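Using our numbering, the first residue of the sequence shown is number 2, and each one after it goes up by one. Note that the Cβ used here is the ideal one computed from N, Cα and C, for glycine as well. It should be emphasised that the depicted structure is a prediction, and the values quoted were computed from it without experimental measurement.
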Amino acid sequence: MKRKNIIIGTSLSVILFLLSSSLITAYLFQQERLSLHKSFNNFTTVLIDNFNINEKIADSVSIRYLRMKNQHIPLPSSHYDSHYHLYGVNTDHNTCNSSILGTFESISPPNEQQVKLATSIDYIFERYKFDDPYSQRRHYFYSINDDFFYSKEKLPLNQYKYNPDVFHANVFFGEMPDYIDRKFISDTTKKGTTSTEFYKDAVTKKCTYSVISYVYDLSKPNSAKVVGALTYDYNIDDLRAILTRTLKDNKSKYISAKLTSSDTKRSVFFVGNQDYSFKIGSFPLSKKYTVHASISLRHFILEKTKQYILINALSSILIGIITYIFMNNNTNENMCDSLTSVYNRKLLRHIKLNKDHEKTIAVFDCNKFKKINDTYGHDMGDKALIFISETLKKNTRKNSDYIIRLGGDEFCIIFNKLALPIAEKIMQRINRTLATFSEDFILSVSYGVTLSQASEDINDAIHRADKQLYTQKQARSR
């Protein structure tokens with residue numbers, strides 16, 4: 002019976018563990034997807050905010066350039082590099098020109114309009130300070146005429162060489178809406194060209210794309226003319242770093258994120274290296290680029306739910322133990338005699354006899370029990386039965402032997418692995434103890450003891466012992 006209860010308790014623990022683990026995992030996984038969706042929204046918001054800052058700076062440069070349009074300014078001295086065939090200002094660590102703050106590179110000596118654009122860029126960046134991560138980017142200006150390049154940060158020629166053949170105008174200057182139209186369009190997907198395709202950056206040697214904002218010549222009364230592109234770059238490390246800052250903890254072990262170009266359909270992963278089965282979402286950055294994010298259920302379980310599963314396993318085991326104890330107690334209550342607290346005959350249905358585990362069965366009943374009831378009352382009879390059961394408990398092994406009240410004053414002891422002669426001696430010792438119950442009468446039992454046979458029914462063995470009991474009673478009555 003205990004084995005059956007153990008099986009039931011264990012099975013219930015396993016079922017509860019699997020069911021609750023599945024529910025807990027599903028809940029945590031869905032909550033994580035929602036949290037990640039919010040994080041990626043924040044991530045794209047950061048990138049779009051950076052673009053909007055760049056738009057404001059480009060607009061401010063346009064206005065500053067307009068104000069300087071008719072002013073005369075001195076030209077900085079430039080250096081011609083015969084190796085690279087470029088004119089430059091601040092292209093060498095050993096020389097420094099303070100009239101402009103960054104690095105100027107051109108295929109011809111700098112002219113006044115080019116220098117005005119460069120100093121306009123310096124003016125805006127010096128006057129206004131910008132927060133991270135925008136301030137951490139390198140900022141460049143490319144002329145629409147392919148005639149010069151300007152870096153806000155100093156960039157020596159041995160690190161970067163301007164090549165108009167590579168950075169042709171159509172790389173940076175695609176769809177260019179009217180100045181006023183672009184300013185009034187808030188949706189980045191409708192602003193025209195806002196970024197380049199992926200390319201290998203000459204400085205970092207990493208896969209990169211550039212974000213583009215246009216600088217206009219506002220001196221034209223009818224329509225503003227684009228004079229160049231104010232740009233900054235993102236490589237995969239930059240994107241990963243920005244995303245990591247938006248996440249509450251390290252989640253890169255079970256998510257993937259890629260940037261996909263709508264023009265070329267090319268995708269570049271900046272977190273992970275493959276798409277997972279469960280999508281977090283798609284997040285448009287511009288007309289060209291969309292961020293696609295996904296999550297791996299398997300890696301999420303391994304990384305995030307181990308502690309929950311462990312707690313759940315311990316809880317399930319505890320529930321199984323409680324279930325076993327409850328069922329065992331409930332079973333004992335159903336099979337327990339209320340008066341004597343020993344088993345009743347319902348236990349017999351759960352006892353199996355086999356040849357490997359021999360049992361010795363003793364069956365006995367109280368001599369002249371009816372006379373005790375009639376003479377001294379049923380209360381005395383009940384006390385006698387309780388005394389008998391307590392005596393049996395003291396003379397049997399708790400963990401291996403069974404004491405059963407078959408009914409009335411008839412009892413049965415099932416001894417596990419006990420020789421027949423020893424069982425006989427135990428019954429004699431029990432009788433001697435019973436005789437001490439009362440000074441008014443002698444309490445004694447008649448018994449029969451037998452050894453179980455291989456694979457027989459327990460009731461057959463009891464019946465055989467009962468015959469011996471009857472024989473002993475007959476002998477007493479003579």
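Taking the DSSP output, what are the residues bridged to residue i?
| i | result |
| --- | --- |
| residue 363 | 414, 450 |
| residue 231 | 142, 214 |
| residue 240 | Looking at the DSSP assignment, residue 240 forms no beta bridge with any residue, so it has no partner. |
| residue 208 | 201 |
| residue 467 | Bridge partners of residue 467: none, in fact. |
| residue 337 | 344 |
| residue 80 | 89 |
| residue 257 | 295 |
| residue 220 | In DSSP, residue 220 forms no bridge with anything. |
| residue 280 | 295 |
| residue 270 | 259 |
Output yes or no for whether 9 angstroms exceeds the beta carbon distance between residue i and residue j.
| i | j | result |
| --- | --- | --- |
| residue 148 | residue 108 | yes |
| residue 202 | residue 209 | yes |
| residue 212 | residue 232 | yes |
| residue 234 | residue 141 | yes |
| residue 363 | residue 450 | yes |
| residue 452 | residue 359 | yes |
| residue 439 | residue 368 | no |
| residue 413 | residue 373 | no |
| residue 79 | residue 90 | yes |
| residue 442 | residue 376 | yes |
| residue 46 | residue 292 | no |
| residue 132 | residue 101 | no |
| residue 70 | residue 218 | yes |
| residue 353 | residue 335 | no |
If you run the structure through DSSP and keep just helix, strand and coil, what is residue i?
| i | result |
| --- | --- |
| residue 245 | helix |
| residue 404 | strand |
| residue 106 | strand |
| residue 289 | coil |
| residue 395 | helix |
| residue 345 | strand |
| residue 390 | helix |
| residue 377 | helix |
| residue 265 | coil |
| residue 474 | helix |
| residue 426 | helix |
| residue 438 | coil |
| residue 431 | helix |
| residue 371 | helix |
| residue 226 | strand |
| residue 351 | helix |
| residue 73 | coil |
| residue 460 | helix |
| residue 455 | coil |
| residue 303 | helix |
| residue 444 | coil |
| residue 252 | coil |
Using CA coordinates, which residue listed in the options is at the minimum distance from residue i?
| i | options | result |
| --- | --- | --- |
| residue 220 | 206, 24, 66, 100 | 66 |
| residue 288 | 400, 49, 111, 375 | 49 |
| residue 295 | 277, 247, 475, 342 | 277 |
| residue 162 | 153, 260, 225, 106 | 106 |
| residue 300 | 241, 381, 275, 143 | 275 |
| residue 279 | 421, 189, 23, 31 | 31 |
| residue 110 | 103, 76, 376 | 76 |
| residue 182 | 60, 250, 103 | 60 |
| residue 402 | 468, 409, 393, 410 | 393 |
| residue 229 | 298, 151, 260 | 151 |
| residue 43 | 246, 34, 137 | 246 |
| residue 156 | 130, 35, 96 | 96 |
Nearer than 8 angstroms: is that true of the beta carbon of residue i relative to any heavy atom of the ligand MG?
| i | result |
| --- | --- |
| residue 446 | This structure simply doesn't include the ligand MG, nor any ligand for that matter. |
Whole beta strand (DSSP E) runs in the stretch 22-67 with 3 or more residues, listed along the chain? The beta strand (DSSP E) runs lying completely inside the stretch 22-67 and spanning 3 residues or more number zero.
Entirely within the stretch 113-196 and at least 4 residues each: give me those alpha helix (DSSP H) ranges in chain order. Within the stretch 113-196, the alpha helix (DSSP H) runs of at least 4 residues that lie entirely inside it are, in chain order, 113-128, 170-173, 180-185.
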